[in-house]
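Visitor: Following this message is one structure expressed as structure tokens.
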Amino acid sequence: MLIVGNWKMHLNVHESSLMVHRLNERIATHRDLEVALAPSMIALQPVSLEIDRRKFRLAAQNGFYKDEGAYTGETSFTQLRELVHYAIIGHSERRIYFNETLEVVRDKVTAAVRNKITPILCIGETYEERHGGETKQVLHDQLTTALSDLTASDIEDMVIAYEPVWAISTFGGVLAKPYEAAEAMQRIRYEIEELYGKRAAGMVRIIYGGSVDDQIARGYLELPDCDGAMPGAASLNYHKFTAIVATAYQLVQERRKEHGE
Ligand code: PGA
Numbered sequence: 003m004l005i006v007g008n009w010k011m012h013l014n015v016h017e018s019s020l021m022v023h024r025l026n027e028r029i030a031t032h033r034d035l036e037v038a039l040a041p042s043m044i045a046l047q048p049v050s051l052e053i054d055r056r057k058f059r060l061a062a063q064n065g066f067y068k069d070e071g072a073y074t075g076e077t078s079f080t081q082l083r084e085l086v087h088y089a090i091i092g093h094s095e096r097r098i099y100f101n102e103t104l105e106v107v108r109d110k111v112t113a114a115v116r117n118k119i120t121p122i123l124c125i126g127e128t129y130e131e132r133h134g135g136e137t138k139q140v141l142h143d144q145l146t147t148a149l150s151d152l153t154a155s156d157i158e159d160m161v162i163a164y165e166p167v168w169a170i171s172t173f174g175g176v177l178a179k180p181y182e183a184a185e186a187m188q189r190i191r192y193e194i195e196e197l198y199g200k201r202a203a204g205m206v207r208i209i210y211g212g213s214v215d216d217q218i219a220r221g222y223l224e225l226p227d228c229d230g231a232m233p234g235a236a237s238l239n240y241h242k243f244t245a246i247v248a249t250a251y252q253l254v255q256e257r258r259k260e261h262g263e
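In the working numbering, the protein residues as written are 3 to 263.
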């Protein structure tokens, strides 16, 4: 199980440190549960020196697909590789506000893998696409393009975040019903199986994002194809984020019991 806190463009360096301190006090190390934090680019370095790496992993929210060069204002995955374990790639805010095309997202995924950073690839349909009956096609196009440079073993390690655009708090935050999330996540696993085989489909982690908070997290986390969640707004509230992590841990324990461990 993986919980990723996407802090977006919130919290300065000092506030990020404070947040890490608060989370550190409240979250313990758990087997089978990973907690990743995605602070802003400027906070990554200081936070990387402060976090307990047994408890938390760091994620970049973005990165550029070239490794080095005259690209004013950009940060490459090569520059990030010492700092982060994960990188969020293709978030709908980047696709929509920064015009990231399917191909740009693909090049970023490829660059992250080339630099040994695990991509958290975000995919998801807009409200119009869902109501136009295009969800399957959109997920298919986003997946096939983004993953086209990768091998099956690259896919096994990566994370795919299903984030219906209409459910993200910034874009309206209509809560997806768990069955809607379940359907899409099952579809994503099916697509991966078609493209990269059973093993990759079984191993790739699929997480859910879109207005996840402590009250509703369980409804998504307990879905059969769900390996975690990516809260945005709720991750800025340490009470809520800690409660989401606790819910995930409870589920991990329940599953272990079910398997007689
Ligand atoms: P939200 O953000 O939880 O605020 O909807 C999730 C995301 O955008 O990853």
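The beta carbon of each residue, even a glycine, is placed where N, CA and C say it ideally should be.
Because the structure is a prediction, the values reported are computed rather than measured.
Evaluate P166 with the Cβ neighbour count: other Cβ atoms within 10 Å of its Cβ, from every protein chain shown; 16 or more gives buried, anything less gives exposed.
Guide: It is buried - the Cβ of P166 has at least 16 other Cβ atoms within 10 Å.
Visitor: Suppose you measure from the CA of Y99 to the CA of E127; what does that come to, to the nearest Å?
Guide: Taking the straight line joining both Cα atoms gives about 15 Å.
Visitor: For A38, which of helix, strand or coil comes out of DSSP?
Guide: Strand, per DSSP.
Visitor: Nearest by alpha-carbon distance to Q217: which of I125, R207, I209 and P233 is it?
Guide: Taking only the C-alpha atoms, the option nearest Q217 is P233.
Visitor: Tell me which residues pass a beta-carbon proximity test against ligand 1: closer than 5 Å to any heavy atom, given in chain order.
Guide: Going by the Cβ distance cut-off, the answer is N8, I170, S171, G211, S213, M232, P233, G234 and A235.
Visitor: Hey, is the region 202–217 in contact with the region 162–182, meaning 3+ C-beta pairs nearer than 8 Å?
Guide: The region 202–217 vs the region 162–182: in contact.
Visitor: Check this for me: beta carbons of L223 and L253, under 7 Å apart or not?
Guide: Contact: yes.
Visitor: Which residue comes first and which comes last in the beta strand (DSSP E) that contains F58?
Guide: Element bounds for F58: F58 to A62.
Visitor: Residue range of the beta strand (DSSP E) that V161 falls in?
Guide: Looking at the DSSP string, the run of the beta strand (DSSP E) that includes V161 is V161 to Y164.
Visitor: In whole angstroms, what separates the C-alpha of L238 from that of R97?
Guide: Cα to Cα, the separation comes out at about 23 Å.
Visitor: Measure the Cβ-Cβ separation of L4 and L46 and say whether it is below 7 Å.
Guide: No, these two residues do not count as a Cβ contact at 7 Å.
Visitor: Over the uninterrupted alpha helix (DSSP H) stretch that includes G204, give me the two end residues.
Guide: Note, G204: alpha helix (DSSP H), K200 to M205.
Visitor: Skipping 5 residues on each side, what residues in its chain have a beta carbon closer than 7 Å to that of M160?
Guide: Counting only Cβ-Cβ distances below 7 Å, and skipping sequence neighbours, we find T120, P121, L123 and V206.
Visitor: Around the C-beta of N101, are 16 or more other C-beta atoms found within 10 angstroms, so that it is buried, or is it exposed?
Guide: So N101 ends up on the exposed side.
Visitor: Can you check DSSP and say which residues form a bridge with T172?
Guide: DSSP output for T172 lists no bridge partner at all.
Visitor: DSSP on Y222, reduced to helix/strand/coil?
Guide: Helix.
Visitor: Starting from T249, trace the alpha helix (DSSP H) both ways and give me its first and last residue.
Guide: Residues Y240 to E260.
Visitor: Tell me which residue opens and which closes the beta strand (DSSP E) that L25 is part of.
Guide: Taken as a continuous stretch (DSSP letters only), L25 belongs to no beta strand (DSSP E), being part of the alpha helix (DSSP H) at V15 to R28.
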